Amino acid sequence: MNNKIQLRFGILSIIVLAAALSRLLPHPYNFTPIGAMGLFGAAYFSRKHLAFLVPFLAMWASDLLLNNLLYARMYPEFYGDSFVWFGSLWVYASFAAIVGLGFVLLRKVKVTSLLAASLLASVLFFLVTNFGSWLADPKYPKTAAGLMAAYGAGIPFFWNTLLGDLFYVGVLFGAYEWMQRRIPSLRWAEG
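First residue of the sequence shown? That's 38 in this note's numbering, and the numbers climb one at a time after it.
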């Protein structure tokens, strides 16, 4: 691997990891960088497996910290004494779908495509994770009405997801565009 590729890969990875670790900071529910990390990975990692792998690993690391250090203390009745190795399957499924969405919509990074991708990522996250809640939570009957109830319960959180995705897309993509202007070799290196 040449130095340009290593530099680009390192900077992209640091941006994604920093975004994932920002989940540890106090924030409103669902105001997180999850959608933005998936879109960022899809837009800038030239190797598709890295577009999935780097953001997934960063999110998994932040989940380990959140679940075992923060949530275990906040909700001891739910977490007990066990170590949690993995977050919600439905969050990771929506994350994978968001990376795929990024491959389609962000072949060229433009403000309009970023806005569209961010909005669609929020909707996708909402649809997938609330569908998962409907399937997993026994309080929702496994009927169309139960599914609508699960989606209805998720609406208050959707607005924070939408705002979080827009905010973090602006931060991640804006930071990297700024860096590319300062370090021109980032534009041409494969990563």
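Don't be surprised by glycine CBs; every beta carbon is placed ideally from N, CA and C. For clarity, every value in this text was computed on a predicted model and none was experimentally measured.
Nearest residue (CA-CA) to residue i, options the options
i    : options               : result
S125 : I220, A153, D174      : D174
F93  : N105, A154, M216, M74 : M74
V165 : G189, F194, F132, K85 : F132
V148 : D100, S59, L203       : L203
F140 : I220, R84, N197       : R84
L31  : I135, M96, R218       : Limits of the chain in this structure are 38 at one end and 228 at the other, which puts residue 31 out of reach.
Contact under 8 Å by Cβ, residue i with residue j
i    : j    : result
L49  : F82  : yes
L76  : S155 : yes
Y188 : P70  : no
A79  : A88  : yes
M216 : L209 : no
N67  : G169 : no
Neighbourhood of residue i by C-beta distance below 7 Å, restricted to the same chain and skipping five residues each side
i    : result
S150 : L142, L143
E214 : none
L138 : A154, L157, A158, L161
Any non-hydrogen atom of the ligand COA closer than 7 Å to residue i Cβ
i   : result
L90 : Although the ligand COA was asked about, the structure shown includes no ligands whatsoever.
Cβ-based neighbour list, residue i, same chain, cut-off 8 Å, excluding 5 preceding and 5 following
i    : result
G228 : Because G228 sits at a pLDDT of 49, beneath the cut-off of 50, its placement in the model cannot be relied upon, and the following sentence gives the value as read from the coordinates. I42, R45, F46, L49, Y81, F82, S83, R84, L87, listed in sequence order.
Cβ distance (whole Å) where residue i is taken to contact residue j below 8 Å
i    : j    : result
I135 : A153 : That pair is no contact at about 13 Å.
Query - Ranges of the alpha helix (DSSP H) found wholly within the stretch 131 to 158, counting only runs of at least 4 - result: none
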